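There are 2 protein chains.
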Amino acid sequence: MKEIDQQEAERHQRKMANRKAVQDAEVAEKTIEKGLIIVNTGPGKGKSTAAFGLALRMLGNGRRVGVVQFIKGAWETGERPALELFGDRVEWHTMGEGFTWETQDLKRDVAAAERAWAKAEELMADPTIGLLLLDELNIALRYDYLDLDAVIASLKARREDLHVVITGRNAKPALIEAADTVTEMTLVKHHFKAGVKAQSGIEF
Amino acid sequence: MKEIDQQEAERHQRKMANRKAVQDAEVAEKTIEKGLIIVNTGPGKGKSTAAFGLALRMLGNGRRVGVVQFIKGAWETGERPALELFGDRVEWHTMGEGFTWETQDLKRDVAAAERAWAKAEELMADPTIGLLLLDELNIALRYDYLDLDAVIASLKARREDLHVVITGRNAKPALIEAADTVTEMTLVKHHFKAGVKAQSGIEF
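Which chain is which? The protein sequence lines are Z and R, in order.
Using full-length UniProt numbering, the letters of the first sequence map in sequence onto residues 1 to 204.
Using full-length UniProt numbering, the letters of the second sequence map in sequence onto residues 1 to 204.
Below is the structure:
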């Protein structure tokens, strides 16, 4: 057990009491409740996994979750079978046909993105959904598969208690502007650089 | 439906064929399989949620997951009831007593961190666990509740197929050095700044 002298303990107590006063004041200032647009972007790991973690949190709070995958779909990821345990509390729609460099077919990619967006709009209209996860929507926007202004207008017109989480690299500036919360996942270090392959439970 | 002319479609196809060649070569270079140390740090949202998303992915791949919460614990988050659906495939241990500014008691915080670390070591020794989530371990290290060198030595000595994900702000440089993958969640924009309060399914 680490040794702690009395003086150190008292200093810590004073510091933390001050910290708590600041914290309580900050919490008291925050009074707004509303559905959020959350964007997870950047080159680092964790954009989709954080979005699925949020889905898990929402499910734990007893709400329903919608998932639309815009790009992925050609391969199976662990989240899907895991979320099947929640039965009809998860509405999962894999609309993508795989990475753009796998399909190599612009018309097919655009058609898939348009179908995915139609599904997203359908889920936005469903009042039983608490969180809508638009996985890799940023990729569809980046390649102009979808009209950015139309997507943003539709997101803004959603019902006010619906949370939406959007993932993918290179989020468009106008989407960042429209969002409430934006996290850039920054790559400090990645095991791929050290020759480690994609592994079950980590990448898929 | 978006209009696409033939020339544009062909240009896209060539670009993506090149991209695929690069991608395939990169994938072929990666041959190592090993348990990873993954660190999610930084001031942005998504450190713990990404870790729980990874837990979900691991569960979807049929593996067992261990969770040790070093700081949180005084309040309930949605992940816990959600993961209860997976029964004994999740070993969840809430060892923290709440934020350091809530306890205001250094000795109690140190004792809680030491108990949590002992539990982490126990789970590292359990060969049925595929992923160990050490939630907010970085906070315990930042306040020197635990000995950094001892923690890193123990992480390095774990069995080689165990993945460990560590969360919390201000990851220590020596831990970043020891890690395989480090993501800094950078705060681009946060709804708290706009006066939005902590909401169910989003913050807890």
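The C-beta atom is built at its ideal place from N, Cα and C for all residues, glycine as well.
A quick note: this is a predicted structure, and the numbers were derived from the prediction, not measured.
Item: Cβ contact (3+ pairs, closer than 8 Å) linking the stretch 54-74 of chain Z and the stretch 184-197 of chain Z; Value: no
Item: Same chain, Cβ closer than 7 Å to residue 156 of chain Z, five either side skipped, listed in chain order; Value: 178
Item: Buried versus exposed call for residue 180 of chain Z [16 or more other C-beta atoms within 10 Å across all chains shown]; Value: buried
Item: Any C-beta of chain C under 8 Å from that of residue 101 of chain R; Value: Of the protein chains in this structure, namely Z and R, none is chain C.
Item: Closer than 7 Å at the beta carbon, the chain Z residues around residue 107 of chain R; Value: 4, 9
Item: Residue from R:91, R:89, R:98 whose Cα sits closest to the Cα of residue 76 of chain R; Value: R:98
Item: Near-chain Z residues of the stretch 65-79 of chain R - C-beta to any C-beta below 8 Å; Value: 77, 78, 79
Item: Residue 181 of chain R (DSSP reduced to helix, strand or coil); Value: strand
Item: Neighbouring residues, chain Z, relative to residue 190 of chain R (Cβ below 7 Å); Value: 181
Item: Inter-stretch contact (C-beta, 8 Å, three-pair minimum) for the stretch 99-118 of chain R and the stretch 28-47 of chain R; Value: no
Item: Chain Z contact residues for residue 167 of chain R, given Cβ-Cβ distances below 9 Å; Value: Residues of chain Z passing the Cβ test: none, with the nearest at roughly 10 Å.
Item: Exposure of residue 267 of chain R, with buried meaning 16 or more beta-carbon neighbours within 10 Å; Value: Because chain R here runs from 1 to 204, residue 267 of chain R falls outside it and cannot be looked at.
Item: Best match in Z:161, Z:201, Z:135 for proximity to residue 39 of chain Z [C-alpha to C-alpha]; Value: Z:135
Item: From R:36, R:18, R:20, R:68, residue whose alpha carbon lies closest to that of residue 118 of chain R; Value: R:68
Item: Any C-beta of chain Z under 8 Å from that of residue 139 of chain R; Value: no
Item: Meets three-Cβ-pair contact criterion under 8 Å: the stretch 8-23 of chain Z and the stretch 115-133 of chain R; Value: no
Item: Exposure label - residue 46 of chain R; buried when at least 16 CB within 10 Å; Value: buried
Item: Cβ pair residue 35 of chain R, residue 144 of chain R closer than 8 Å; Value: no
Item: Residue 167 of chain R to residue 165 of chain Z span [Cα, whole Å]; Value: 21 Å
Item: Whole-Å CB distance - residue 66 of chain Z paired with residue 53 of chain R, under 8 Å assumed; Value: Not really, about 16 Å apart at Cβ, beyond 8 Å.
Item: Cutoff 8 Å: residue 95 of chain R Cβ touching any chain Z Cβ; Value: no
Item: Contact under 8 Å by Cβ, residue 171 of chain R with residue 41 of chain R; Value: yes
Item: Residues near residue 201 of chain R in its chain [Cβ-Cβ closer than 7 Å; skip 5 each side]; Value: 78
Item: Environment of residue 64 of chain R [buried if 16+ CB atoms lie within 10 Å]; Value: buried
Item: Coarse secondary structure for residue 60 of chain R, derived from DSSP in three states; Value: helix
Item: Residue 106 of chain R vs residue 141 of chain R beta-carbon contact at 8 Å; Value: no
Item: Residue-chain proximity (residue 91 of chain R, chain Z), Cβ-Cβ < 8 Å; Value: no
Item: Beta-carbon spacing of residue 133 of chain Z, residue 82 of chain R below 8 Å; Value: no
Item: When R:16, R:130, R:151 are compared against residue 90 of chain R, the one with the closest alpha-carbon; Value: R:130
Item: Residues that residue 40 of chain R bridges to, as DSSP identifies them; Value: R:167, R:183
Item: Beta-carbon proximity of residue 146 of chain Z to residue 85 of chain R, cut-off 8 Å; Value: no
Item: Range covered by the beta strand (DSSP E) that runs through residue 133 of chain Z; Value: 129-135
Item: Euclidean distance between Cα positions of residue 15 of chain Z and residue 139 of chain R; Value: 16 Å
Item: Own chain, CB closer than 6 Å to residue 123 of chain R, minus 5 neighbours either side, in chain order; Value: 66, 129, 132
Item: Cross-strand partners of residue 92 of chain R (DSSP beta bridge); Value: R:67
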